[in-house]
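Each protein sequence line maps, in turn, to chains Y and L. Going by my numbering, the first sequence opens with residue 629, and the numbers climb by one from there. Going by my numbering, the second sequence opens with residue 165, and the numbers climb by one from there. Think of the CB as a built atom: it goes at the ideal place given N, C-alpha and C, for glycine as much as any other residue. Below is one structure; the comments refer to it alone.
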Amino acid sequence: MTTNIILAGVGGQGVLTVAAILDTACLNNGLFFKQSEVHGMSQRGGVVYSHVRISDDVIYSDIIPMGHADIILSTEPMELLRYLPYLKKDGWLLTDSETFENIANYPQKERIFESIKTHPNHLIVEATDIAQKLGNAKASNLVMLGVLSNHIPIKERALRAAIKSLFDKKGDRILELNLKAFDAGRECVLEVV
Amino acid sequence: MRHIVMGDEAVAQGALDAGISGVYAYPGTPSTEITEYIQKYKKEHHLDIHASWSTNEKTALEAALGMSYAGKRALVAMKHVGLNVAMDAFMNMAISGIHGGLVIVVADDPSMHSSQNEQDSRYLAHFAKIPIFEPSNQQEAYDGVRHAFNISERLELPVLLRLVTRLAHSRSLVSFNVPDQQNEKSFIPNIDRFKMIPSKARPQYDKLVAKTQVLRTCAEESPFNQLSIGHDFSLGIVASGIAYNYLMENFEHNKCPYTVLKLSQYPLPFEQLKYLNDTCKQILVLEDGYPFVEEQLHDFFETDHKVIGKLTRHLNRTGELNPDWVAKALGLKEMNTVEIPAFVQARPPQLCEGCGHIDTFNALKEIQKIIGDKQIFGDIGCYALGALPPYNIISTLIDMGSSITMAKGAADAGVFPAIAIIGDSTFTHSGMTGLLDCVNDQSPVTIVISDNSAIAMTGGQDSSALAKLKNICLGLGVAPEHVRIMEPLPKNHELNVALLKEEIEYKGVSVIISQRACVRLPIDRKKIAKELSYV
Chain Y
629 MTTNIILAGV
639 GGQGVLTVAA
649 ILDTACLNNG
659 LFFKQSEVHG
669 MSQRGGVVYS
679 HVRISDDVIY
689 SDIIPMGHAD
699 IILSTEPMEL
709 LRYLPYLKKD
719 GWLLTDSETF
729 ENIANYPQKE
739 RIFESIKTHP
749 NHLIVEATDI
759 AQKLGNAKAS
769 NLVMLGVLSN
779 HIPIKERALR
789 AAIKSLFDKK
799 GDRILELNLK
809 AFDAGRECVL
819 EVV
Chain L
165 MRHIVMGDEA
175 VAQGALDAGI
185 SGVYAYPGTP
195 STEITEYIQK
205 YKKEHHLDIH
215 ASWSTNEKTA
225 LEAALGMSYA
235 GKRALVAMKH
245 VGLNVAMDAF
255 MNMAISGIHG
265 GLVIVVADDP
275 SMHSSQNEQD
285 SRYLAHFAKI
295 PIFEPSNQQE
305 AYDGVRHAFN
315 ISERLELPVL
325 LRLVTRLAHS
335 RSLVSFNVPD
345 QQNEKSFIPN
355 IDRFKMIPSK
365 ARPQYDKLVA
375 KTQVLRTCAE
385 ESPFNQLSIG
395 HDFSLGIVAS
405 GIAYNYLMEN
415 FEHNKCPYTV
425 LKLSQYPLPF
435 EQLKYLNDTC
445 KQILVLEDGY
455 PFVEEQLHDF
465 FETDHKVIGK
475 LTRHLNRTGE
485 LNPDWVAKAL
495 GLKEMNTVEI
505 PAFVQARPPQ
515 LCEGCGHIDT
525 FNALKEIQKI
535 IGDKQIFGDI
545 GCYALGALPP
555 YNIISTLIDM
565 GSSITMAKGA
575 ADAGVFPAIA
585 IIGDSTFTHS
595 GMTGLLDCVN
605 DQSPVTIVIS
615 DNSAIAMTGG
625 QDSSALAKLK
635 NICLGLGVAP
645 EHVRIMEPLP
655 KNHELNVALL
665 KEEIEYKGVS
675 VIISQRACVR
685 LPIDRKKIAK
695 ELSYV
């Protein structure tokens with residue numbers, strides 16, 4: 629049984645940090661995984677995505693076949709839609725509501741949300757707001773990881789341990805913030821937007 | 165104990181555990197992490213190995229050859245186009261042969277995620293007549309390096325280890341093995357083969373040609389080439405490197421009904437391929453890159469319609485391979501997928517907020533308004549993003565260092581002004597020789613070195629050019645009054661435009677060093693850059 633997740637967002641939003649946490653959590657949880665990413669030209673402001681595949685058995689392809697993604701998780705709403713051809717029928721769409729409008733022709737917010745809402749299984753979360761209230765908007769990626777955690781076969785304590793190992797060197801304050809952001813995300817099962 | 169590593173890192177650890185005495189490389193996506201991993205490991209474990217960046221891929225490969233000549237193992241790492249730069253050494257070390265194991269890792273980039281092309285390095289290794297190792301997953305990437313070093317020493321040849329982006333930058337769990345010790349320093353008793361004057365090179369080349377059969381036998385016996393016999397002989401499949409994963413992805417529980425040759429070592433193993441030809445009606449070739457194997461099989465098996473793949477349009481001819489194309493070629497059901505809404509816009513990579521290149525571009529924009537948009541020759545680095553809106557500032561971008569040399573050629577053709585923009589590291593990589601040509605011909609060119617004290621696009625590695633640019637230009641003979649310095653900041657815009665105009669008007673060689681440290685550098689490196697700056 630493989631769980632296929634596409635992580636999406638804009639360079640600088642911490643998408644690959646979420647990927648790294650999932651990798652470590654899989655290791656802690658005794659699961660097989662493959663996590664591929666395209667990085668390099670997108671340090672800030674460009675498209676970033678990662679394919680994360682989790683299984684209790686050997687995984688072959690590093691990239692998810694079209695129509696096989698169980699979940700698309702995004703830190704930015706328009707980026708969510710870029711990977712729709714990968715989504716399984718009735719797959720989950722999980723996204724932060726906060727848009728990142730760094731291009732001239734960014735579409736109307738309403739059109740984006742409308743399109744997301746045509747899918748039965750979706751959740752638009754005010755992750756940036758939540759993170760801001762906790763102390764730093766930059767932790768919105770961890771809020772989204774919390775949202776994701778309710779949909780994947782990785783135990784919560786494996787995820788918490790992974791978060792600790794990743795943020796340990798950054799000091800107690802930052803670790804605390806990120807754990808709180810994760811917890812807050814886990815609480816988000818109902819749509820607010 | 166298993167470790168989380170990406171393909172690049174698996175190769176790096178494999179090389180360390182194979183007892184390398186050095187890694188030689190120039191940054192290039194998707195190979196950069198190989199050297200970075202070794203540099204980090206060296207520091208943490210206080211290893212006595214060489215791991216600093218080279219000025220370009222040619223100097224890297226030649227230095228590795230020097231280490232090999234002295235009996236020790238060396239790893240070389242580069243992206244696919246980097247091998248173009250190192251080809252002279254690459255071709256000729258195959259003829260001289262090597263001594264200490266030499267493994268050259270080349271990371272190809274099918275779909276050109278961050279390159280000018282998607283050239284397939286297997287052709288170049290085939291051209292040089294050396295073995296190729298092409299792992300299909302991260303564990304194989306780790307294990308394969310040691311194997312590559314062993315066969316390199318046994319055959320006295322360099323070995324190419326070929327990666328693709330999707331393996332280089334994909335993480336999984338890998339088990340490491342007990343490491344080997346480094347070799348002792350040693351010379352071979354008869355060094356004649358390294359003296360490649362024609363009278364000595366000719367017999368060496370004959371030996372290399374004869375060696376192909378030995379290489380082929382080595383591939384036929386390789387544990388990394390695996391033939392698994394199926395029960396449905398309507399189709400036989402050759403799946404090389406990562407393509408093997410895409411094949412197996414399409415069959416649940418490993419249940420592929422066809423005979424499959426998993427191919428990870430070249431030259432092509434004829435024995436196994438002959439079996440496929442004799443028993444299967446058609447042969448599907450799956451590979452990520454050019455139709456390298458497919459073309460050779462068309463030659464081996466002369467029957468019409470026998471071999472299918474990219475050339476027969478069963479697979480995509482360009483762009484990376486993926487499990488969906490493989491499913492299509494196998495005639496498996498195509499999934500009903502959702503479309504991307506039309507209103508989703510492209511979000512191209514951008515220059516960072518506050519980047520010095522932006523200010524340099526803004527100054528050049530004023531010049532472009534006067535001279536038009538065809539005379540500013542660009543190069544490779546973050547400033548290459550000047551090819552995109554809103555800057556649209558560079559007219560050309562071909563290969564490392566071509567900004568200067570193209571500007572010179574255009575000037576020779578009467579184009580005036582001819583302006584080149586190049587980064588600090590690209591300049592030392594392959595701009596210096598072009599500049600010397602300009603000086604010797606007194607060409608009316610204006611060269612702007614956009615100096616951010618780093619190899620920024622690949623992650624901010626140390627630049628070979630640090631603190632040396634001005635002296636290099638003076639040393640090459642550029643007139644001192646035409647080596648100018650400017651600081652690309654909004655407050656200096658008018659001044660910088662005036663400076664550019666002055667030098668552009670001069671009918672000789674001008675070099676303008678536009679200098680400000682990359683905004684992404686950590687504070688300590690910014691400090692050093694400031695201390696060493698000319699501003």
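With 16 other Cβ atoms within 10 Å as the buried cut-off, status of residue i
{"i": "Pro487 of chain L", "result": "buried"}
{"i": "Pro644 of chain L", "result": "exposed"}
{"i": "Met629 of chain Y", "result": "exposed"}
{"i": "Phe351 of chain L", "result": "exposed"}
{"i": "Ala732 of chain Y", "result": "exposed"}
{"i": "Gly639 of chain Y", "result": "buried"}
{"i": "Val373 of chain L", "result": "exposed"}
{"i": "Glu738 of chain Y", "result": "exposed"}
{"i": "Gly518 of chain L", "result": "exposed"}
{"i": "Ile687 of chain L", "result": "exposed"}
{"i": "Asn806 of chain Y", "result": "buried"}
Beta-carbon gap between residue i and residue j smaller than 7 Å
{"i": "Phe525 of chain L", "j": "Ile562 of chain L", "result": "no"}
{"i": "Arg326 of chain L", "j": "Arg286 of chain L", "result": "yes"}
{"i": "Leu225 of chain L", "j": "Ala253 of chain L", "result": "yes"}
{"i": "Leu448 of chain L", "j": "Ile504 of chain L", "result": "no"}
{"i": "Leu709 of chain Y", "j": "Ile682 of chain Y", "result": "no"}
{"i": "Gly595 of chain L", "j": "Ile568 of chain L", "result": "yes"}
{"i": "His333 of chain L", "j": "Met165 of chain L", "result": "no"}
{"i": "Gln446 of chain L", "j": "Leu496 of chain L", "result": "no"}
{"i": "Ser232 of chain L", "j": "Leu266 of chain L", "result": "yes"}
{"i": "Gln390 of chain L", "j": "Val338 of chain L", "result": "no"}
{"i": "Val675 of chain L", "j": "Val642 of chain L", "result": "yes"}
Alpha-carbon to alpha-carbon, residue j and residue i
{"i": "Ala618 of chain L", "j": "Leu515 of chain L", "result": "15 Å"}
{"i": "Lys538 of chain L", "j": "Asp307 of chain L", "result": "50 Å"}
{"i": "Leu663 of chain L", "j": "Ile677 of chain L", "result": "11 Å"}
{"i": "Ala574 of chain L", "j": "Gly672 of chain L", "result": "14 Å"}
{"i": "Gln283 of chain L", "j": "Phe291 of chain L", "result": "14 Å"}
{"i": "Asp588 of chain L", "j": "Glu458 of chain L", "result": "41 Å"}
{"i": "Glu197 of chain L", "j": "Ser336 of chain L", "result": "15 Å"}
{"i": "Leu653 of chain L", "j": "Arg680 of chain L", "result": "8 Å"}
{"i": "Asn418 of chain L", "j": "Cys382 of chain L", "result": "27 Å"}
{"i": "His244 of chain L", "j": "Ala407 of chain L", "result": "18 Å"}
{"i": "Gly453 of chain L", "j": "Thr193 of chain L", "result": "16 Å"}
{"i": "Trp720 of chain Y", "j": "Phe456 of chain L", "result": "40 Å"}
{"i": "Glu221 of chain L", "j": "Glu729 of chain Y", "result": "39 Å"}
{"i": "Val187 of chain L", "j": "Glu320 of chain L", "result": "19 Å"}
{"i": "Lys761 of chain Y", "j": "Thr727 of chain Y", "result": "18 Å"}
{"i": "Asp344 of chain L", "j": "Ala174 of chain L", "result": "16 Å"}
{"i": "Val424 of chain L", "j": "Gly394 of chain L", "result": "7 Å"}
{"i": "Gln436 of chain L", "j": "Met621 of chain L", "result": "43 Å"}
{"i": "Pro274 of chain L", "j": "Thr592 of chain L", "result": "28 Å"}
{"i": "Ile535 of chain L", "j": "Asp651 of chain Y", "result": "53 Å"}
Within-7 Å CB hit, residue i to chain B
{"i": "Gln663 of chain Y", "result": "Here the protein chains are Y and L, and chain B is not one of them."}
Reference residue i; option with closest CA among the options
{"i": "Ser428 of chain L", "options": "L:Gly520, L:Glu298, L:Pro387 and L:Ala643", "result": "L:Glu298"}
{"i": "Gly813 of chain Y", "options": "Y:Phe795, Y:Lys797, Y:Leu751 and Y:His747", "result": "Y:Leu751"}
{"i": "Ala250 of chain L", "options": "L:Val683, L:Val269 and L:Lys206", "result": "L:Val269"}
{"i": "Ser260 of chain L", "options": "L:Ala491, L:Met360 and L:Asn248", "result": "L:Met360"}
{"i": "Leu440 of chain L", "options": "L:Ser392, L:Glu416, L:His478 and L:Ser404", "result": "L:Ser392"}
{"i": "Ile699 of chain Y", "options": "Y:His779, Y:Ala790 and Y:Gly799", "result": "Y:His779"}
{"i": "Lys533 of chain L", "options": "L:Ser614, L:Pro581 and L:Val471", "result": "L:Pro581"}
{"i": "Ala241 of chain L", "options": "L:Glu348, L:Thr219 and L:Ser628", "result": "L:Thr219"}
Contact belief for residue i with residue j at Cβ below 8 Å, rounded distance in angstroms
{"i": "Gly774 of chain Y", "j": "Asp811 of chain Y", "result": "6 Å"}
{"i": "Val661 of chain L", "j": "Ala527 of chain L", "result": "5 Å"}
{"i": "Lys206 of chain L", "j": "Ile213 of chain L", "result": "6 Å"}
{"i": "Leu552 of chain L", "j": "Ala631 of chain L", "result": "Rounded, the Cβ-Cβ distance is 31 Å, inconsistent with contact."}
{"i": "Phe397 of chain L", "j": "Thr443 of chain L", "result": "5 Å"}
{"i": "Ser768 of chain Y", "j": "Thr703 of chain Y", "result": "6 Å"}
{"i": "Ala697 of chain Y", "j": "Tyr677 of chain Y", "result": "About 11 Å separates the two Cβ atoms, so there is no contact after all."}
{"i": "Val680 of chain Y", "j": "Leu644 of chain Y", "result": "Incorrect: roughly 11 Å between the Cβ atoms, too far for contact."}
Cβ-heavy atom distance, residue i to the ligand MG, below 6 Å
{"i": "Lys236 of chain L", "result": "Because no ligand of any kind appears in the structure shown, any question about the ligand MG cannot be addressed here."}
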